[in-house]
Structures are given as structure tokens and as C-alpha cells.
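**Student:** Would you mind keeping the following structure in view while I ask a few things?
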Amino acid sequence: MALEAAQAFPWPILGASLLVQTAASFPNQGLSPLAPFLQGHFAVTREQIGLLTTALFRGSVFAILPAGWAADRFGVRGMFGAGLALIGVGVLAMALSPSYAVLLASTAFSGLGNGIALPPTTRAIMNWFPQRTRAVAMSIKQTGVALAGAIVAWTLPVLAMAWGWRGALVAIALVALLAAAVSYAVYRDPGGARGEGARAARPRMATIFRSRPLVLASCAAAIYGLVQLTLVGFMVLFLTEVFRYPVVLAGVLLGWAQMAGVVARVMWGALSDAVFGGRRRVVLTIIGVLTTCVTLRLSLLPADAPLWLVAALVVSVGLSAIGWNGVHMTFVAEVAGRELSASAAAFSLMLTYIGIMVGPPLFGRIVDATGSYTVGLQALAALTALAVLILQTVRVERGRVAGT
């Protein structure tokens, strides 16, 4: 059995999944620290900067459901390599873009690889880890998003100033291609997993779309993702424009927020397993309330706010708005059951990505129209409060995707 084998061979699996999650997250996380360079080079608005995030996740949406189905039906290993290879090619095209339009199209292409690589990481954890340690393992895997954010926040501004923004993107592409080779070499699908997925995926795939718990939880996740990616995507511009911080300092602060997110994802996962007894919805509710409060307080900061207060709130964004994803992915995978976990993760990610596609450009439009970040941040706080209310309507039974 896969879970029995996991006792002897879980950590290389977790390492490979974390590597895929991290490398696949470099492009979308890299847009924020590179935003001032891209805005200056192409002479575009904040809304157009937000559209880059939209383009990337639009590409992901096209690929994500087929990728989840394929991972459940045929296995994880090949999906890791193919997804990261596409990301590498797409980011190289971004680096060579002669115009904003080409950059936008290349960003969308790199998103296809993101959509292919990520759903299988959830299936990998469900394959190899038992329920009692699953949220911790899933949360460690999900730290790859925030870990990527911290790495690019600390390195890309420096690389962009030394080599230009094109050179910084080439570095991301090379990392993705290397990660494709390493993850393919390390990961192994457990015996029986492919056959189990093939038997279950065809007759039951449609039940995922009819599952009220999955749909409601995924709608809440769409809002959480919208808020997270908007805050991360505009944080460097927010800090440089409102508080007049140098771009490198703004990148450092964003990096600390992302590292706080790394810690938070593991912390919330451990609390979910050990303290709350697997009650994932309760933990997601607590995270949502904290995110609402932090975002609202951030909106009220004056331009002369002391650095320590700004830094504390930016780090608090990491502990709250960036810390939710591991618990959520465990939640939807457990509701669906192991045999359809990648498909359920893909469905939830699809709705999350749709939220992400809407959020950043709309936020940028609000800031462009009002000349201030205050209204936009308060709108994000209100949306997070709405997501918390949606979560309170979710009632689940583990392993029953058709539950009502």
C-alpha cells in the first residue's frame, strides 16, 4: 500500500513536491519585485502591471483541470517534468519580449506550465502521507509559493539592477528547467496509484463539479487567493509610492512577508493537525479574520508611518494572507478522497486562479482612479470578511465529493 511505503520513503517525495511548488511559483511571485522595472521599460499603468498576473493565471486555468485529471489517471512524475519545462520555455520568451503585448502573451504561456505542474503536487502528498501528518506535509509543500516569493523579492531587484530585468527572468527560466530534471529523477509514483486513479477518475469526475462543500470552499479560496496575490503583487509599488522606500528595501520587506508566510503555512498546518484535530475549516476561518484585520490596518497607515510599524504589518500579511493555502489544499483533498485528490485540487485552484485573474487589475484600476491605495485595501478587507462568511456554510464529510 502507498501509505505503508510512505513510512520508508516520504521525505524525498516531499522534497520533490516542494521543489516543484517553489520553481513553478517563481514567475508569478517574480512579477511584483520586477514591477517597477517593467513599468518603467514598457511605460504601462498599474492596471497593465496587474494584467500580467491575470495573463499568467489565465494560462494556468486552461491547463489545470486536464492536468489534475491526468495526474489522478496516469500518475504524477511525468506531469512534474512537463509542467516545469513549459514554465522554463515561457519565461525565456518573457525575457526576450520586444513589447508589452508579447510580454503579456509569453506570461500566459508560462502559466500553462504552472497549471500542469501544481495539481500533481497535491496528489503526491495524498499518495504518500497518512491523515495524521498530512496537513503538515501539505503545508510544507505549499511553503514553496511563499519561499519562491521570498527568494525573488530578495534577489530579483538586485539581479535586475545588475543584469536588467531580462537577465533576472533568464535566471528564473534556468531554475525551472533544472527543477524539471531533478523532480523527474527523484519522484516515484507508488504502486497501484495509477490504476486506482484510472478506475475512479472517469465515472466520478463530474461529481467534483456538483459537490457543494468543494464549490463553497473553493469560492472562499478564490477570494483568499485574490487578496493574497493582489497584496503580494502590489506590495513593492505600494511601499515605494506611498512611503517612498527604495525598491531594494521594499523588496526586502516583501521577502520578510513571504518568509513569514513560509513559517505560517507550516504553523497553521501543525495547528490544524495537532490542536484542532483536523478541523480545517476552523483554522481557515481564523486566518481569514486575521487577514481582514491586517489589511484594514494597512489601509489606514499614514505616509509618515514609522518603518517598524510598516514592517510589522507587512510581516503580518505573510502570517495571515499568505499562510492559508496548505490547510485549504488538505481540506479539499480530504473531502474528495485520495483517488480524486489531484482533480479536486485542480478544480479548487481553477476557481482560485479566476479570482486571482480578476483581483490585481481591478485593484490597479481602483488605485489609478482614486490616486490612493486606501480604498483598494479596504475593498480587499471586505472581500476577505465575505470569504469567512462563506466558509461558515461549508459542511463536509471526508471522502465524499458529492456531499451536499
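Start counting at 1 in the sequence shown, then tack on 4, and there's your number in the numbering used here.
Glycine included, every Cβ here is placed at the ideal spot set by N, Cα and C.
Remember, predicted model here, so these are calculated numbers, not experimental data.
With a floor of 4 residues, list each alpha helix (DSSP H) that falls wholly inside the segment 24-48, ordered by position along the chain.
**Tutor:** For the segment 24-48, not a single whole alpha helix (DSSP H) run of length 4 or above is found.
**Student:** So, at 8 Å on beta carbons, what are the nonlocal neighbours of Leu218 in its own chain, with the 5 sequence-adjacent residues on each side left out?
**Tutor:** Within the same chain, Leu218 has close Cβ partners Ile212, Val336, Val339, Ala340, Ala348, Phe351, Ser352, Val405.
**Student:** Please identify the residue among Val24, Ile120, Val331, Met83 whose C-alpha is closest to the C-alpha of Leu69.
**Tutor:** Taking only the C-alpha atoms, the option nearest Leu69 is Ile120.
**Student:** Let's see if you can read the secondary structure: which residues bound the alpha helix (DSSP H) around Ile394?
**Tutor:** From DSSP, the alpha helix (DSSP H) with Ile394 extends over 378-395.
**Student:** Could you name the residues of the same chain whose beta carbon sits closer than 7 Å to that of Arg138, not counting the 5 residues immediately before and after it, in chain order?
**Tutor:** Within the same chain, Arg138 has close Cβ partners Ile129, Thr334.
**Student:** Using the C-alpha atoms, what's the distance from Val287 back to Met142?
**Tutor:** Their backbone Cα atoms lie some 15 Å apart in a straight line.
**Student:** Leaving out the 5 sequence neighbours to the left and right, which residues in its chain are closer than 7 Å to Leu18 when beta-carbon positions are compared?
**Tutor:** These residues qualify, in order along the chain: Ala141, Ile144, Lys145.
**Student:** Can you find the residues in the same chain that come closer than 6 Å, C-beta to C-beta, to Ala417, ignoring five residues on each side of it along the sequence?
**Tutor:** Limits of the chain in this structure are 5 at one end and 408 at the other, which puts residue 417 out of reach.
**Student:** Counting beta carbon pairs with one atom in the segment 289-296 and one in the segment 52-63, are three or more of them shorter than 8 Å?
**Tutor:** The segment 52-63 vs the segment 289-296: no contact.
**Student:** Kindly list the residues whose CB is nearer than 8 Å to the CB of Trp2, restricted to its own chain and excluding five residues on each side of it in sequence; keep chain order.
**Tutor:** Outside the shown range of the chain (5 to 408) lies residue 2, about which nothing can therefore be said.
**Student:** Start and end of the alpha helix (DSSP H) containing Ile120?
**Tutor:** Where Ile120 is concerned, the enclosing alpha helix (DSSP H) stretches over 104-121.
**Student:** So the candidates are Val267, Arg342, Thr296, Met361; which of them puts its Cα closest to the Cα of Val149?
**Tutor:** Checking every option, the nearest Cα to that of Val149 belongs to Val267.
**Student:** Closest to Ala177 by CA distance: which of Ser29, Ala20, Asn329, Arg248 is it?
**Tutor:** When only C-alpha atoms are compared, the closest one is Ser29.
**Student:** Enumerate in chain order the residues of its own chain whose CB-to-CB distance from Gln396 is below 6 Å, with the five nearest sequence positions on each side excluded.
**Tutor:** Here the set comprises nothing.
**Student:** Closest to Thr296 by CA distance: which of Gly229, Gln382, Ala264 is it?
**Tutor:** Of the candidates Gly229, Gln382, Ala264, the one whose C-alpha sits nearest the C-alpha of Thr296 is Gln382.
**Student:** Considering Cα atoms alone, identify which of Val24, Phe238, Glu51, Gly330 is closest to Ala152.
**Tutor:** Comparing Cα positions, the closest option is Val24.
**Student:** So, using beta-carbon positions, are Pro385 and Ser303 closer together than 8 Å?
**Tutor:** The sequence given here has Ala at residue 385, not Pro. In this structure, Ser303 lies closer than 8 Å to Ala385 by Cβ.
**Student:** Any chance you could list the beta strand (DSSP E) runs of at least 3 consecutive residues sitting entirely within the segment 156-234, in chain order?
**Tutor:** If we require 3 residues or more, the segment 156-234 turns out to have no beta strand (DSSP E) run fully inside it.
**Student:** Which first and last residues belong to the alpha helix (DSSP H) in which Gly322 is found?
**Tutor:** 311-324 is the extent of the alpha helix (DSSP H) around Gly322.
**Student:** So is Gly44 buried or exposed if we call it buried at 16+ other beta carbons inside 10 Å?
**Tutor:** The residue is exposed, with fewer than 16 neighbouring Cβ atoms inside 10 Å.
**Student:** How close, in whole Å, do the beta carbons of Ala226 and Leu55 come, if the pair is a contact with beta carbons under 8 Å?
**Tutor:** That belief does not hold up - the Cβ atoms of Ala226 and Leu55 are roughly 18 Å apart, past 8 Å.
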